[in-house]
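To start, the structure itself, in structure tokens.
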Amino acid sequence: MTTSHTPATSADTDKNRPSGLLRRCLRMPIGVQSFIAVGLGALVGTLAPSAGEQMKILGDVFLNLVQVVVLPLVFPLIVLGIARMESVKKVGRIAGKAILYFEIVTTIILLIAVGLAKLTGIGKGAPVHGADAKDLDGMSQGIDFHELVLHAFPKNIFEAFGEGNLLGAIVFALLVGVAMAAIGEKSEPFASVLDSVASVMFKVVGYVIRVAPLGVLGFISYDVAHYGFGNLRSLMGFIAVVYAGLAIVVGVLFPAIAAIHHIRYVELMRSIAGLAGIAFVTRSSESVLAPLMGKLEAFGLSRSTTSFVVPLGYSFNTDGSVLYQAAALVFLANAYGADTSLPALLVMVGVLVILSKGMAGVASASIVVLIAAGNSIGLPAEGIALLLGVDFIVDMARTGVNVVGNSLAAAVVDSSEKRREDKRGPRPAGHTEPASAQQAGTRRKETAR
Numbered sequence: 001m002t003t004s005h006t007p008a009t010s011a012d013t014d015k016n017r018p019s020g021l022l023r024r025c026l027r028m029p030i031g032v033q034s035f036i037a038v039g040l041g042a043l044v045g046t047l048a049p050s051a052g053e054q055m056k057i058l059g060d061v062f063l064n065l066v067q068v069v070v071l072p073l074v075f076p077l078i079v080l081g082i083a084r085m086e087s088v089k090k091v092g093r094i095a096g097k098a099i100l101y102f103e104i105v106t107t108i109i110l111l112i113a114v115g116l117a118k119l120t121g122i123g124k125g126a127p128v129h130g131a132d133a134k135d136l137d138g139m140s141q142g143i144d145f146h147e148l149v150l151h152a153f154p155k156n157i158f159e160a161f162g163e164g165n166l167l168g169a170i171v172f173a174l175l176v177g178v179a180m181a182a183i184g185e186k187s188e189p190f191a192s193v194l195d196s197v198a199s200v201m202f203k204v205v206g207y208v209i210r211v212a213p214l215g216v217l218g219f220i221s222y223d224v225a226h227y228g229f230g231n232l233r234s235l236m237g238f239i240a241v242v243y244a245g246l247a248i249v250v251g252v253l254f255p256a257i258a259a260i261h262h263i264r265y266v267e268l269m270r271s272i273a274g275l276a277g278i279a280f281v282t283r284s285s286e287s288v289l290a291p292l293m294g295k296l297e298a299f300g301l302s303r304s305t306t307s308f309v310v311p312l313g314y315s316f317n318t319d320g321s322v323l324y325q326a327a328a329l330v331f332l333a334n335a336y337g338a339d340t341s342l343p344a345l346l347v348m349v350g351v352l353v354i355l356s357k358g359m360a361g362v363a364s365a366s367i368v369v370l371i372a373a374g375n376s377i378g379l380p381a382e383g384i385a386l387l388l389g390v391d392f393i394v395d396m397a398r399t400g401v402n403v404v405g406n407s408l409a410a411a412v413v414d415s416s417e418k419r420r421e422d423k424r425g426p427r428p429a430g431h432t433e434p435a436s437a438q439q440a441g442t443r444r445k446e447t448a449r
């Protein structure tokens, strides 16, 4: 008896594959998947609030996955970026340019926010007296600059890594990078190890980003279920002013800065749009820190500039957050009938310029700075508690703008460095980039695609 073996048909093979609809969903860009997750999350949070609150674990797991890889990736990138710079002078020059840019741009944004809030008169008649200050329990009532400085110079780098101390890691990476540049070829074995670590971490980040829509689903479900929309009506004017101010920053100020520095702003926005969207819905700019640097390198920015300026900007260049803080302080000043004359507003701006530095890129970090600023100019915490009801709505927008602002900052500093190199003329004959640096740049571009 002869047994015939019929070749497996394509239909039989398809039975072992995911359904056609599922395959199409998995092939969608991450941004589209995240947008669908927003809709599903809002639906779950509205129709099944108890289930929506429980789904927050999806968002927490996603953020934990992101945060566990941030420092293992950022540290080697900063070290290698600095070690392969031409000189220690270049490190200082880039740092100086970045900090100067941060100060100028954030001050302009603060003035825009204060002017817009003053012009619209937001906060007058707001029900601040009904706010509950208990909502602020557990939040810092001020910023200790002594502790902030010690935070930047940790006594134990492993403890700093364990705590997720990004600022401390940046400072230590700066020291290590400068030391490697000073000893030259002797540091190459360590540089190769760091380069391998960075490549592995980039691959891990690629895996993590694939589950971002699940994190989005969890966060949106929780936000809608937990916060609801009860305070929207009374605070609609405040929300509108914040969003209008952020739109002016992204649509007017940033394009003007990009035009001055000959940066292709529209192309830059297209390159980072998906990551800005993920930051928007997760309310954490750290969730896109690692892939953002890869996208910027693929856009054409140098690795040394990107790996230094972007992490630094996460602490010192929170453009969206400072706009929110300024609008919130004017809102509260109007609500309590406080002085909103020009000198008082300028004092308010000055306070925020100082307090806004050193903020971490985590959800609702602006509230901590807002409490400190409010205390410094005599505004009670009860009013700030009122804003917590809509904080998740404005937090999404300001976090997305933070990502755009840091990307533009890196592009501006990189453009300045390239113009400086062009003025110095071509490199000497025989000068080549180290092979490991070339390979690393290639890997970054492949990861960013």
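Each residue of the sequence shown is one higher than the one before, starting from 1 at the first, in the numbering used here.
From the three backbone atoms N, C-alpha and C, an ideal C-beta is built for every residue, glycine too.
Here the structure is a predicted model, which is why all the values come from computation and not from measurement.
- The beta carbon of T120 sits closer than 6 angstroms to the beta carbons of V241 from its chain, once the five residues preceding and following it are set aside; these are given in chain order.
- In this structure, I94 places its C-beta atom within 8 angstroms of the C-beta atom of E417.
- It is roughly 15 angstroms from the alpha-carbon of S199 to the alpha-carbon of V208.
- Cα atoms of F75 and T46: separation of roughly 41 angstroms, rounded to the nearest angstrom.
- In chain order, L71, A169 place their CB closer than 7 angstroms to the CB of F161, counting only its own chain and leaving out the 5 sequence neighbours on each side.
- By the C-beta criterion, the stretch 392–411 is judged to be in contact with the stretch 267–282, since at least 3 inter-stretch pairs fall below 8 angstroms.
- Shortest Cα-Cα distance from T318 to any of G164, L408, V204, V171 involves L408.
- Looking from the CA of V205, the closest CA among L379, G313, E286 belongs to E286.
- Across the set T340, H262, I220, Y336, the C-alpha of I220 shows the shortest separation from the C-alpha of V38.
- By the CB criterion at 8 angstroms, P311 and I157 fall outside the cutoff.
- Counting only residues of its own chain and dropping the five nearest sequence neighbours on each side, H226 has a CB closer than 7 angstroms to the CB of E53.
- A check of alpha carbon separations from L110 across Q325, A344, E163, V176 identifies Q325 as the nearest.
- About 6 angstroms separates the beta carbons of K118 and T340, which is inside the 8 angstroms limit, making them a contact pair.
- Between A83 and A258, the CB-CB gap reaches or exceeds 8 angstroms.
- R84 carries a coil assignment under DSSP once its states are collapsed to helix, strand and coil.
- The Cβ-Cβ distance between F299 and I122 does not fall below 8 angstroms.
- Remark: C-beta atoms of M55 and V66 do not approach each other more closely than 8 angstroms.
- Excluding five sequence positions before and after K90, none of the CB atoms of its chain fall closer than 7 angstroms to its own CB.
- In terms of CA proximity to A328, L352 leads the group L352, T306, T305.
- Look at F153 here: in three-state DSSP terms it is coil, with no helix or strand label.
- In the DSSP assignment, R303 falls within the unbroken alpha helix (DSSP H) covering 303–316.
- When DSSP assignments are scanned along the stretch 314–342, the uninterrupted stretches of alpha helix (DSSP H) that are 4 or more residues long and fall wholly within it turn out to be 319–336.
- In the three-state reduction of the DSSP assignment, P380 falls in the coil class.
- Just so you know, the alpha carbons of S284 and G92 end up roughly 29 angstroms apart.
- Annotation for K203: the continuous alpha helix (DSSP H) segment containing it runs 188–210.
- Under the DSSP assignment, R270 falls in the alpha helix (DSSP H) whose first and last residues are 265–282.
- When DSSP states are grouped into helix, strand and coil, K124 belongs to the coil group.
- A179 has its alpha-carbon roughly 10 angstroms from the corresponding atom of A173.
- For the 8 angstroms CB-CB criterion, A338 and L289 do not form a contact.
- A straight-line Cα-Cα distance of about 41 angstroms links S34 and P189.
- By alpha-carbon distance to P343, the top candidate from V68, G115, L58 is G115.
- Taking C-beta atoms as the reference points, A42 and V224 count as a pair closer than 8 angstroms.
- In summary, V250 is buried, with 16 or more beta-carbon neighbours lying within 10 Å of its beta-carbon over all protein chains present.
- The Cβ-Cβ distance between Y101 and V412 falls below 8 angstroms.
- The C-beta distance from G274 to G177 rounds to 30 angstroms, too long to meet the 8 angstroms contact threshold.
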